[in-house]
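Structure record follows, encoded as structure tokens.
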Amino acid sequence: MSFKTAKQLLADFVTEAFNDHEKVKQELIEQIQKNQLTGTFGEAHVQHAQRTESLIKALDLTPEFIAGEEFENLTDEQIQDWIDGSYKSMKRRENDYLRGGISERDMYQLSGVAQYRVFLEQFIK
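Offset between the sequence shown (1-based) and the working numbering: plus 1388.
Encoded structure:
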């Protein structure tokens, strides 16, 4: 049984986040085209799109970068440094959102930041 490296897990997470967002966008467009956005689940579709969007906005990587040579050439140590820096940044952003109350708009931004931070947490030693 082989285990994935931090680089592979990070690449998978980013790719999945962007793929999920594309899927949710298409589902939302379909709901709009079918005039179902005001239905029972309309608001849930919009909120789901907001959550996936907030995650990809929180990410400091893109699928294009991950598919590139620069990412491929990063060492395990460089990946760990990247993860450590990203984790600290997400913790700071999370605290900034929570300081002094949170608006509805910030709630979605916070959800993306928190989701990425929780993912990165598994690599923090």
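No residue lacks a Cβ here, since even glycine has one placed at the ideal position from N, Cα and C.
What do you get for I1490, buried or exposed, if any count of 16 or more other CB atoms within 10 angstroms of its CB means buried? By the 10 Å Cβ count, I1490 comes out exposed.
Range of the contiguous alpha helix (DSSP H) that encloses I1490: Counted as a single uninterrupted DSSP element, the stretch harbouring I1490 is not any alpha helix (DSSP H), since DSSP gives it neither H nor E.
Helix, strand or coil for T1403, going by three-state DSSP, please let me know. T1403: helix per DSSP, three-state reduction.
Distance between R1481 and A1432 (C-alpha atoms, nearest Å): Spanning the alpha carbons of A1432 and R1481 requires a straight line of approximately 26 Å.
Under the assumption that F1511 contacts A1394 (Cβ atoms under 8 Å), give the Cβ distance between them as a whole number of angstroms. Taking C-beta atoms under 8 Å as the contact rule, F1511 and A1394 qualify, at a distance of about 5 Å.
Flag this pair as yes or no: are the beta carbons of S1477 and S1442 separated by less than 7 Å? In this structure, S1442 does not lie closer than 7 Å to S1477 by Cβ.
Same chain, Cβ closer than 8 Å to T1403, neighbours up to 5 away in sequence not counted: Counting only residues of its own chain and dropping the five nearest sequence neighbours on each side, T1403 has a CB closer than 8 Å to the CB of P1451 and I1454.
If you draw a straight line from the C-alpha of D1464 to the C-alpha of W1470, how long is it? So the two alpha carbons sit approximately 10 Å from each other.
Member of N1423, R1439 and L1462 whose CA lies at the smallest distance from the CA of Q1396: The shortest Cα separation from Q1396 among N1423, R1439 and L1462 belongs to L1462.
Using only CA atoms, which one of Q1424, D1472 and H1436 lies nearest to H1409? Answer by Cα proximity: H1436.
Does the beta-carbon distance from Q1438 to Y1496 come in below 7 Å? It is a contact, given that the beta carbons lie within the stated cut-off.
DSSP three-state assignment for S1390, whether helix, strand or coil: If DSSP states are grouped into helix, strand and coil, S1390 belongs with coil.
Through-space distance from N1483 to V1434, alpha-carbon basis: Their backbone Cα atoms lie some 26 Å apart in a straight line.
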